[in-house]
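Residue 321 in this note's numbering is what sits at position 303 of the sequence shown, and the numbering runs on without skipping anything.
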Amino acid sequence: MMVVNKLITGWPITGKWFVSAFVAVVLLLASIPFSGTQAGKLPDRYTQTPENGYFGRMSKVLFDANVTDTTIATDMIIREVFGSMGMKSEIIVYDDKSMLTNDLANNRIDAVFINTIDFLDMQHLIDMKRLYTLIYGDQAEQTVLLLVRNSDNLDGVSGLRGKSISIPAGHFLGRTYLDVLLMESDYPPIDQYFGKVHETIDTNTAIVDLYFNKTDAALVSDTAFELASELNPRIRTNLKPLAESQGMIPQVIGLNKNISEKNKARIDGIMSKTHQNKRIKHLLSLFRANKFIKLNQSDINSTQQLIKRYNQLIQPR
């Protein structure tokens with residue numbers, strides 16, 4: 019079964035742009051060749067094709083965006099950017115986390131864009147001093163919201179037993195939060211508690227399903243709910259959060275710990291100045307992002323605590 023998709027780019031193209039967070043990430047990271055003095059056993063490509071950069075992401079890391087549109091947009095922008103620079107890049111999209119982990123461990127990937135839960139499993143392969151994420155709105159952290167309709171007059175999760183819920187594909191942080199919420203109340207996890215779980219292509223679809231009475235609840239981010247409410251004020255009037263998590267970092271951009279210190283420092287410098295670049299700033303504004311920021315390891319603590327609690331709850335009693 020094919021679980022890896024590759025986009026090899028190196029020539030210009032014109033067309034209308036649909037921009038995703040990953041586009042801006044690749045635009046920045048792929049402008050830096052990863053050749054130089056390396057640590058560890060590295061593949062021949064570092065000397066044979068040093069102008070190429072290799073970037074891996076999980077296919078559902080951007081649960082707020084349509085995967086097909088994201089892939090098309092990434093291809094279009096990378097073709098134009100790197101065609102004009104005379105450079106090539108390869109974006110590898112993974113459905114299987116173990117394959118991404120294996121490629122990162124064997125230095126076939128230079129940088130990753132992954133959800134925070136996957137990051138915790140791969141952190142031993144990543145430079146922990148150089149972690150990045152995007153700020154959407156005013157802060158990097160997002161809150162998981164369990165939305166319901168006001169008209170249903172629910173005041174707790176007990177009223178959702180046997181009901182239906184919409185969850186965006188890839189929203190693993192949200193699923194983990196809701197599983198913990200249910201199990202701490204002595205209820206079974208999501209797939210056993212709800213009568214039907216609808217996996218949607220993006221967050222907006224999950225909200226629309228709830229709004230038009232197709233499901234009884236939706237699991238989304240606060241950022242997505244705010245945006246949907248701006249576009250349609252009646253969403254805020256008709257829907258409400260029944261429960262919400264503490265703030266957590268949803269995605270992490272990490273560098274293979276084996277790429278050269280020189281190039282890590284170059285990336286660090288570029289990431290800290292992206293908000294000064296008019297072109298990048300414009301791209302970020304198209305999806306309500308402000309800038310990239312560097313993370314401290316402590317910024318991941320809330321997610322680590324959630325995973326620890328989840329693992330405790332699933333242990334046999």
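We put the CB at the ideal spot given by N, CA and C, even for glycine. Given the structure is predicted, the values throughout are model-derived calculations rather than measurements.
Host alpha helix (DSSP H) of residue i (start-end)
{"i": "F137", "result": "T134 to M140"}
{"i": "D240", "result": "D240 to L249"}
{"i": "L172", "result": "L172 -> no alpha helix (DSSP H), and no H or E assigned at all."}
{"i": "L80", "result": "Run containing L80: none; DSSP gives neither H nor E here."}
Reduced DSSP category for residue i - H, G, I as helix; E, B as strand; rest coil
{"i": "S278", "result": "coil"}
{"i": "Q333", "result": "coil"}
{"i": "R75", "result": "strand"}
{"i": "L324", "result": "helix"}
{"i": "G287", "result": "helix"}
{"i": "I110", "result": "strand"}
{"i": "N319", "result": "helix"}
{"i": "T233", "result": "coil"}
{"i": "A123", "result": "helix"}
{"i": "N314", "result": "coil"}
{"i": "I271", "result": "strand"}
{"i": "A158", "result": "coil"}
Classification of residue i by the beta-carbon crowding that lies within 10 angstroms, buried from 16 upward
{"i": "R148", "result": "buried"}
{"i": "R75", "result": "buried"}
{"i": "G287", "result": "exposed"}
{"i": "S239", "result": "buried"}
{"i": "F230", "result": "exposed"}
{"i": "L143", "result": "buried"}
{"i": "N329", "result": "exposed"}
{"i": "V37", "result": "Any reading at V37 must be qualified, since the residue scores a pLDDT of 40, below 50, and its modelled position is unreliable; no value is offered."}
{"i": "T55", "result": "Low confidence applies here, because T55 scores a pLDDT of 36, under 50, leaving its location unreliable; read the following figure in that light. T55 comes out exposed."}
{"i": "P186", "result": "buried"}
{"i": "R179", "result": "exposed"}
{"i": "N125", "result": "buried"}
{"i": "T194", "result": "buried"}
{"i": "S184", "result": "buried"}
{"i": "D156", "result": "exposed"}
{"i": "Q160", "result": "buried"}
{"i": "A224", "result": "buried"}
{"i": "G108", "result": "Checking the displayed sequence, the identity of residue 108 turns out to be Glu instead of Gly. The residue is buried, with at least 16 neighbouring Cβ atoms inside 10 Å."}
{"i": "K78", "result": "buried"}
{"i": "L249", "result": "exposed"}
{"i": "T119", "result": "buried"}
{"i": "N274", "result": "buried"}
{"i": "T255", "result": "exposed"}
{"i": "D114", "result": "exposed"}
{"i": "S263", "result": "buried"}
{"i": "D209", "result": "exposed"}
{"i": "D317", "result": "buried"}
{"i": "D136", "result": "buried"}
{"i": "D204", "result": "exposed"}
Run of the beta strand (DSSP E) containing residue i, from where it starts to where it stops
{"i": "D145", "result": "I144 to Y154"}
{"i": "L164", "result": "V162 to R167"}
{"i": "K258", "result": "L257 to E262"}
Expected contact under 8 Å - CB spacing of residue i and residue j to nearest Å
{"i": "A129", "j": "F73", "result": "5 Å"}
{"i": "Q315", "j": "N133", "result": "No, Q315 and N133 are not in contact; Cβ-Cβ is about 17 Å, not under 8 Å."}
{"i": "L228", "j": "I267", "result": "In fact, because the Cβ distance is near 25 Å, the residues do not count as touching under 8 Å."}
{"i": "L331", "j": "V198", "result": "6 Å"}
{"i": "L164", "j": "L257", "result": "With a Cβ gap of about 11 Å, L164 and L257 do not count as contacting."}
{"i": "D145", "j": "K282", "result": "6 Å"}
{"i": "V162", "j": "L191", "result": "6 Å"}
{"i": "G188", "j": "F81", "result": "4 Å"}
{"i": "A242", "j": "N222", "result": "7 Å"}
{"i": "I325", "j": "L138", "result": "6 Å"}
{"i": "L237", "j": "L172", "result": "Contact doesn't hold; Cβ gap of about 15 Å is too wide."}
Cβ-heavy atom distance, residue i to the ligand ZN, below 8 Å
{"i": "V270", "result": "With respect to the ligand ZN, the structure offers nothing, as it holds no ligand at all."}
Go through the stretch 177-214 residue by residue and report every complete run of the beta strand (DSSP E) that reaches 3 residues or more, in order.
-> 182-186
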